[in-house]
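In the UniProt record's numbering, the protein residues as written are 1 to 278. Think of the CB as a built atom: it goes at the ideal place given N, C-alpha and C, for glycine as much as any other residue. Beneath this line is the structure, given in structure tokens, with notes to follow.
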């Protein structure tokens with residue numbers, strides 16, 4: 001009885017979580033055991049979709065592309081977030097610069113991709129008249145780089161705000177003590193600022209990894225997985241399986257695999273954050 005008020009106060013959140021998270025997840029698990037095109041009658045096939053998934057070279061190729069995307073985007077996302085937060089700290093234009101960095105995240109995704117096409121298309125883009133734009137519409141490496149740059153442009157402002165919030169929580173007396181002991185700016189950053197920013201850096205690493213695993217919209221709107229599958233990340237592979245090849249049961253199995261990978265990294269986030277607090 002003592003815990004009854006806590007249960008009652010938690011009930012609306014638990015009901016919402018069950019209705020919009022748990023129930024859809026259980027439905028996806030059920031769909032993943034069907035062979036279903038969305039038009040025909042579903043036919044139970046057990047775990048065959050998962051067996052086909054593990055034997056599909058396209059799945060492993062899209063997983064490899066996702067890992068390459070993560071290896072390109074994640075260090076830049078974390079490094080630029082921390083670097084810009086440190087560079088802007090205490091500057092007279094700090095708030096204005098952070099507002100500009102955060103602004104792309106407020107622009108609608110369709111409008112943002114349209115503006116990037118207008119500016120960066122190699123043949124007729126506005127900037128192609130003045131700058132050497134790589135042929136990202138024909139070469140796989142540059143297409144992946146373009147998606148990475150677009151993703152950074154969209155999310156960098158959020159990373160800077162997270163890093164800046166942690167930076168402002170560091171007591172100034174610690175830096176003053178380091179300078180009194182003879183440390184220069186670089187030594188103070190490496191031995192005082194960076195260790196104390198470890199929770200924020202860990203958070204950005206894990207969030208950036210999860211965003212990489214679930215990336216889809218930028219690829220869909222900019223490259224459609226091309227050229228030659230060079231930007232076919234797991235999210236776009238899921239879209240192709242379900243809505244182009246009409247294998248909705250197989251696509252549900254892909255969804256479950258992506259969710260398991262996401263949960264794995266979420267667990268790693270919890271462990272890393274707890275370790276950082278110790």
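Since residue 206 and residue 53 are thought to touch, with beta carbons under 8 angstroms apart, how far apart are those beta carbons, to the nearest angstrom? Contact flag wrong, Cβ pair sits at about 25 angstroms.
Compute the Euclidean distance between the alpha carbons of residue 19 and residue 182, then round it to the nearest angstrom. 59 angstroms
Same chain, Cβ closer than 6 angstroms to residue 45, neighbours up to 5 away in sequence not counted: 35
Any idea what DSSP makes of residue 232, helix, strand or coil? coil
Inter-residue Cα distance where the pair is residue 169 and residue 254: 41 angstroms
Tell me the DSSP secondary structure of residue 244 in three-state form. helix
Neighbourhood of residue 136 by C-beta distance below 6 angstroms, restricted to the same chain and skipping five residues each side: 142, 143, 146
Neighbourhood of residue 179 by C-beta distance below 8 angstroms, restricted to the same chain and skipping five residues each side: 188
For residue 35, write down the residues that DSSP places opposite it in a beta bridge. 43
Which runs of the alpha helix (DSSP H), 4 residues or longer, sit entirely within the region 48–111? 48–54, 57–88, 94–102
Between residue 265 and residue 213, which are expected to be in contact by the criterion C-beta below 8 angstroms, what is the C-beta distance as a whole number of angstroms? 7 angstroms
Given this structure, state the Cα-to-Cα distance separating residue 10 from residue 120, to the nearest angstrom. 49 angstroms
Out of 216, 67, 101, state which residue places its alpha-carbon closest to the alpha-carbon of residue 161. 101
Taking only runs that begin and end inside the region 116–199, name each unbroken alpha helix (DSSP H) of 4 or more residues, in chain order. 140–168, 172–180, 185–188
Quick one: any contact between the region 53–69 and the region 226–238, if contact means 3 or more CB pairs under 8 angstroms? yes
If you check the beta carbons only, do residue 81 and residue 156 fall under 8 angstroms apart? yes
On a Cα-Cα basis, can you pick out the residue from 238, 71, 88 that is closest to residue 209? 71
So, are the CB atoms of residue 192 and residue 174 less than 8 angstroms apart? yes
Residue 220, enclosing alpha helix (DSSP H) - first and last residue: 217–222
Contact set for residue 33: own chain, Cβ-Cβ below 8 angstroms, skip 5 residues either direction: 44, 45, 46, 47, 49, 249
Give the straight-line distance between the Cα atoms of residue 237 and residue 65, rounded to the nearest whole angstrom. 11 angstroms
Closest to residue 203 by C-alpha separation, out of 271, 251, 138, 233, would be which residue? 271
Given a cut-off of 8 angstroms, decide if residue 234 and residue 113 are closer than it, judged by their beta-carbon atoms. no
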